[in-house]
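Protein chains: 2
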Amino acid sequence: MSKSDPADGNTQERIFEAASAVFEEKGYTGARMQEIADRAGINKALLHYYFRTKEQLFKAVFQVMLKKMFQKITSIFAEEIPFKEKIKRFLDDHIEFLIKNPKLPIFLLNELSQNPSVSEGLKEIVNYDELRELIYSKHAKELKGYGIKKSDMPQLMVTVVSFSIFPFAARDMIRLMMPEIEDNKKFNAYMRERKDFASDFIFSALKHRKK
Amino acid sequence: MSKSDPADGNTQERIFEAASAVFEEKGYTGARMQEIADRAGINKALLHYYFRTKEQLFKAVFQVMLKKMFQKITSIFAEEIPFKEKIKRFLDDHIEFLIKNPKLPIFLLNELSQNPSVSEGLKEIVNYDELRELIYSKHAKELKGYGIKKSDMPQLMVTVVSFSIFPFAARDMIRLMMPEIEDNKKFNAYMRERKDFASDFIFSALKHRKK
DNA sequence: TGTATATTTGACCCGTTGGTTAAATTTAAA
DNA sequence: TTTAAATTTAACCAACGGGTCAAATATACA
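Protein chains in written order, with my numbering: chain Z, 1 to 211; chain C, 1 to 211.
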């Protein structure tokens, strides 16, 4: 092996990385096999040698991205720490993760809405039923104290994740509207600020909630 | 004028409606001029006669959609009613609007992130500076009482709009994960429930907020 | 070393897609 | 009714894009 190829590593990995980047940037329909090949430093035919079709390649990439997005979330919520700690940890970890992968949210959301079939693996990755059960049973006392019934869990959970995910999905809208958040650096600072803002907001709301 | 064309109205309008639908569904790259022509009941050449290029047509459509999305929001916040009333009105109106246009959020967010140049008109439509000034000066007392400084406004405003917009953007993710929200009817009910959940949540948080 | 197998490439194929053109038809005005 | 302008159409075009193929090269192993 005496290659000076840019970005060494076996071909399959290089393809996978290139494909991830291109799909994430341009979406499924906007992505071009040629560009993926170029970015992986290979021939287009070789691309099809490793992954028969664009769709096959896409599904593989998409699956991994879904996993990256959700595994951290779910693993934190499965830990044996107080509820409040979980929310804080979630916000901290997830926002840091999204700072490193800022385009992931719109990409996933968009592809999911465009082609729900790609999401066949979602149930295996997330297992929401188990997760909700886990959270609710482990923190029954606390949640009841906040007046959160089991039937409120969907509202609460969507609310919590929206604190981290939404601003990234709406990043360009925010950037265009709010002059105080023009560039990446400022946006990231804004999101780090948001960790505390969000957890204060959430816990103040829960404590004081109408029941 | 003795036409029996489906969906009467002048050609330009028909094109515009068809284009809106197709773009919203498939996104810019996924949309096909042929499909737009078909849906408008006309020839593809005629489409190019009215709108020179795909991009031109897209920009026109996108601009109008942005307007639809934001005008209601901003107009409510400009009214002369108490702050709490504004939040409630916003959530009510905006969620009802989005129930009628459920695909708008992902579409706008995605296209904005894919091609930020299409958004040149955003500043004219929204004028965030004015809006924030308007809100903050009109409700200075109340907001200060909640410990909201001017510099907190971006956090607060993003939070408020995320309550209505995010669940629609994440609709399919939610639908796939939460069995209690499989179909449209249930999702809409969930969102109507969310009006009260959100305003209670927001005001409890504000009242009890760490300063 | 020879040979089978895996990897890589350049050239090519063909359906799709945005866009054009010239001619036909309709509309409106003189 | 003539005629000029606006509207609509069918046929076409060139570029693009996913995918294939046969040949070339590298790798592994007997």
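Just so you know, even glycine gets a beta-carbon here, dropped at the ideal spot from N, CA and C. Note that the structure is predicted; figures quoted are calculated from it, not measured.
Contact between the segment 24-36 of chain C and the segment 169-184 of chain Z is not established, with fewer than three Cβ pairs separated by less than 8 Å. Residue-level contact check: residue 110(C) touches chain Z, since one or more beta carbons of chain Z fall below 8 Å from its beta carbon. Assigned with DSSP and collapsed to three states, residue 115(Z) falls in coil, not helix or strand. Inter-residue distance for residue 203(Z) and residue 35(C) is about 49 Å (C-alpha atoms, whole angstroms).
Within the segment 128-149 of chain Z, the residues whose Cβ lies closer than 8 Å to any Cβ of chain C are, in chain order, 128 and 129. The Cβ atoms of residue 155(C) and residue 193(Z) lie closer than 8 Å to each other.
Using beta-carbon distances, residue 122(C) counts as an interface residue toward chain Z, with a partner under 8 Å. Restricting attention to 92(Z), 61(Z) and 46(Z), the CA atom closest to the CA of residue 19(Z) is found in 61(Z). Counting only Cβ-Cβ distances below 8 Å, residue 210(Z) has contacts in chain C at 200 and 204, in chain order. For the 8 Å CB-CB criterion, residue 25(Z) and residue 103(Z) form a contact. Legend: CB atoms of the segment 165-178 of chain C lying less than 9 Å from CB atoms of chain Z belong to residues 165, 166, 167, 169, 170, 171, 172, 173, 174, 175, 176, 177 and 178.
Residue 51(Z) carries a coil assignment under DSSP once its states are collapsed to helix, strand and coil. Approximately 27 Å separates the beta-carbon atoms of residue 22(C) and residue 174(Z); this is outside 8 Å, ruling out the contact. Under the three-state reduction of DSSP output, residue 202(C) falls in the helix class. Residue environment analysis places residue 114(C) among the buried positions, since at least 16 neighbouring C-beta atoms fall within 10 angstroms of its C-beta. The beta carbon of residue 39(Z) lies closer than 6 Å to those of 18 in the same chain, with the five residues before and after it left out. Cβ atoms of residue 208(Z) and residue 139(C) stay farther apart than 8 Å, at about 20 Å. Three or more beta-carbon pairs separated by less than 8 Å link the segment 88-104 of chain C to the segment 160-168 of chain C, which places the two stretches in contact. For residue 10(C), the secondary structure class from DSSP, reduced to helix, strand or coil, is coil.
When 9 Å is used as the limit between beta carbons, residue 119(Z) is near these residues of chain C: 172, 173 and 176, in chain order. Interface annotation, residue 12(Z): not in contact with chain C, CB-CB separation never under 8 Å. The residue among 108(Z), 176(Z) and 199(Z) with its C-alpha nearest the C-alpha of residue 63(Z) is 108(Z). A Cβ of chain C is located within less than 8 Å of the beta carbon of residue 190(Z). Counting only Cβ-Cβ distances below 9 Å, residue 41(Z) has no contacts in chain C at all, with the closest Cβ about 25 Å away. The three-state secondary structure of residue 110(C), taken from DSSP, is helix. For residue 126(Z), the residues of chain C that pass the 8 Å Cβ criterion are 177, in the order they occur in the chain.
For residue 197(C), the chain Z residues whose C-beta falls within less than 7 Å of its own C-beta are 155, listed in chain order.
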